[in-house]
Structure formats: structure tokens, C-alpha cells
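Under this note's numbering, read the sequence shown as residues -19 to 219, first letter to last. Structure first, then comments.
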Amino acid sequence: MKKLLYLGLLSVCVLLGSCVEKNVSNVFDKVEGYMDVCPDSALLLLEQIPHSEELRGKQRADYALLLTQARDKNYLDSLQSDSLIKIAVDYYKNGGDNVKAGKALFYYGKVMDLQGNDMLAMQAYLNALAKLEKTEEYKLQGLAYEYIGILNADRKLHKDALDNYQSSVYCFQKAADTLGVIYAYRDIARIYYVEQQYDSVYTFIQRKIKISLESMSTWICKIYWLPLLIEKRYLGIGL
């Protein structure tokens, strides 16, 4: 009798554990759907998961990656700690999911960047690109190239930075990410400005304006039009 009760209790525990695991996975699916459009909602959902510290294995790694993403998109200072994202990096580095491995390495690079560790940040971005190169995560590839370019620009390696920014343009175009292309053109224009190649500065600012007017909705154009005019005025370029 006791044995039957024990087996029954064990079955219930397994069933409950399976339900909890399924519920957490469902929450993760919702979080991924909210991440780009409503990052504050994504963060709220993650913070409402009960006993998140008890998650194990893949769910623990997924939680660490998603929470890091959500904090980053909500501009929280807590992103500066590397202990969370390292959980995801360590879990995915030897697995077969190159997308999540690449994402984890990318965000680890951002954390290292915030900590002022440029060398580790650069290596993490390069490792992320190596994981992502055969995937269709073109936007993330574009961001990795852009951040590598920023690091090279800070070191005054302008030619390398230009190559990085051009690669980011290519990736953002493949991702149909117009805003990403605009930011990359801005970065390229800034390098040319430092190099005193003003014709090239003018060319890339004109491209920014053209894309803004052609590809974005009216209200977004209004948002970007004024900063672009201010930038041209600052650089001494007439309309």
C-alpha cells in the first residue's frame, strides 16, 4: 500500500514538473514575441516567472539569454554584470544551436564593452559572427559588425572600422532593416568626417536622408529629418 502511495505521489510530482516546464516554455515563446515590439512587457513576463533560480539546463540558459536581452532593450544598468549571460554562453558554446550561441556571445560582448574590456568585447563579437555566419540572423550579424566597427573607430583604426560598417550595411540590407542601414551610414559618414573626406561625408548623409524619406512612414521621417538636418549643419554641409 505504501509502495503504491509512493508511486502515485512520484507520478504526480513528475506530472507537475512537466506542467511547470511546459508553462515556462510558453512564457519564453511569448517573451520572444514581445522582445522587439514591447521589451518592457518581455521583461515583466520574465520577472514574474516564479522560482526562476530553480530552472535547470536549457531553460536556465534560455532564461539567462532572454533576461539579458530584455534588460539591454530596457537600458537597465544591471546589464553590466556578466554572471547572468555567462550561463547562456557556457551552455550553448558546445551545443548545436548556433543562433542562440551567437546571441549569447553577442550580448556577452556588450556586457564586456560596458565594463570597458574592449579586448574581450571584440573577441566575443568575432566569436558571435563565427556562430552566426551560416544562419539567417542578418540583423544580429549587422549589429555585431557595427559594434566591432565602433571599437575599431575608438582605436583610430579607421580603415578597419569602415570595412566593418560596410559589412553591417550589407547585413542590414539582407535583413531589410532600414533603420540599421541608416545608423551604419551615419557611422560611415563620421569616419569620413574624421578623415576629412567631406565629399564622402556628404554622399552618405544624402543616402541617409533618401532612405528615410523613401522607406519609412511619415511620422518616423519627421523624427529623423530634424536630426539629419542638424547633423548636416554641424558638419557644415548645405542642403
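Glycine is no exception: its CB is placed at the ideal position from the N, C-alpha and C atoms.
Excluding its 5 nearest sequence neighbours in each direction, Gln49 has C-beta neighbours in its own chain below 7 angstroms: Met15 and Tyr87, listed in chain order.
Here the alpha carbon of Asn3 sits roughly 52 angstroms from the alpha carbon of Tyr172. Using a Cβ distance threshold of 8 angstroms, Leu112 and Gln103 do not count as a contacting pair.
When the Cα atoms are used, Leu23 and Asp179 turn out to be separated by approximately 44 angstroms. Separation of Ala169 and Glu34 (C-alpha to C-alpha, rounded to the nearest whole angstrom) is 48 angstroms.
Exclusion of the five residues before and after Tyr165 leaves Phe184, Arg187 and Lys188 as the residues of its chain whose Cβ lies within less than 6 angstroms of its Cβ.
As the crow flies, the alpha-carbon of Lys136 is around 22 angstroms from that of Asn107. A direct Cα-Cα distance of roughly 27 angstroms separates Glu175 from Lys90. Within its own chain, the residues whose Cβ lies closer than 6 angstroms to the Cβ of Asp62, once the five positions on either side in sequence are excluded, are Val91, listed in chain order.
As the crow flies, the alpha-carbon of Tyr182 is around 33 angstroms from that of Asn54. Annotated as distal: Gly75 and Thr115, with beta-carbon spacing of 8 angstroms or more. Distance from the CA atom of Asp167 to the CA atom of Ala101, rounded to whole angstroms, is 19 angstroms.
Residue ranges of uninterrupted alpha helix (DSSP H) with 4 or more members, entirely inside the region 63 to 118 and ordered along the chain, are 63 to 72, 78 to 94 and 98 to 112. Contiguous alpha helix (DSSP H) elements confined to the region 28 to 68 occur at 37 to 53, taking only those with 4 or more residues. In the same chain as Asp157, and ignoring 5 residues on each side of it, the C-beta atoms closer than 6 angstroms to its own belong to Lys119, in chain order. For Lys154, the uninterrupted alpha helix (DSSP H) segment begins and ends at His138 to Lys154.
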